[in-house]
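Take this note's numbering: the last position of the sequence shown gets the number 205, and nothing is skipped along the way.
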Amino acid sequence: MLFFYPALHEAAHALVAKICGAEVVNIEVVPIARTDIVTEHCDRMEIILIMMSGGVLPVLLLFAFPQGPYYIYHIKLIVALISASSAVTSVIYVLQYMKGKEYLYDDAVRLLKYVPDAQFAVLAILVVQFVVSLAYCIMTKPINRITDILKNQPLKND
């Protein structure tokens, strides 16, 4: 997951950038995940979509793919948990940015540097990302699933 989620996150930025007509110059996952995008021909809304897609698109993919085998279930659950924690972290960074502190590695803060009046939109997107990610975790009932798996495991005599 150390490489999968950042790769998914950056691929989401690149995909939405291509859809919006921006030029994707570079995508890196190691050592620090980032995507270099030229957005000079994009309007304000397209820039917001590109910058916020890294957190939102992985959440949408949770619902696009079927549950499948147990390892798919767990990968999707981890993606949802990472997405939820990422949204909380970004909200904290945005609130700090609004008080004059900067954290330039966060997409939401970088977006606010380009579009300063998008604070409400950015916070709304982050809250929706958090709520949907958390709702996914609750809806999939991981505790019930683990309990069922453990109940159905035969006991081994050593």
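By construction, the Cβ of each residue, glycine as well, lies at the ideal position given by its N, Cα and C atoms.
Collapsing the DSSP output to three states places T187 in coil. Contact between the region 122-139 and the region 171-183 is present, with at least three C-beta pairs closer than 8 Å. Listed as beta-bridge partners of I84 by DSSP are V71. Assignment of K146 by DSSP, reduced to helix, strand and coil, places it in the coil class. V63 sits close to L96, with the two beta carbons spaced by under 8 Å. Following the DSSP letters along the chain, one finds D154 inside the alpha helix (DSSP H) bounded by residues D154 to Y161.
Scanning V72, V103 and P116 for the CA closest to the CA of T86 turns up V72. The way I'd put it, the region 164-176 doesn't touch the region 107-117; fewer than three beta-carbon pairs between them come closer than 8 Å. DSSP places P53 inside the alpha helix (DSSP H), whose first and last residues are F51 to I66. The closest CA to that of A171, considering only V126, E57 and G102, is found on G102.
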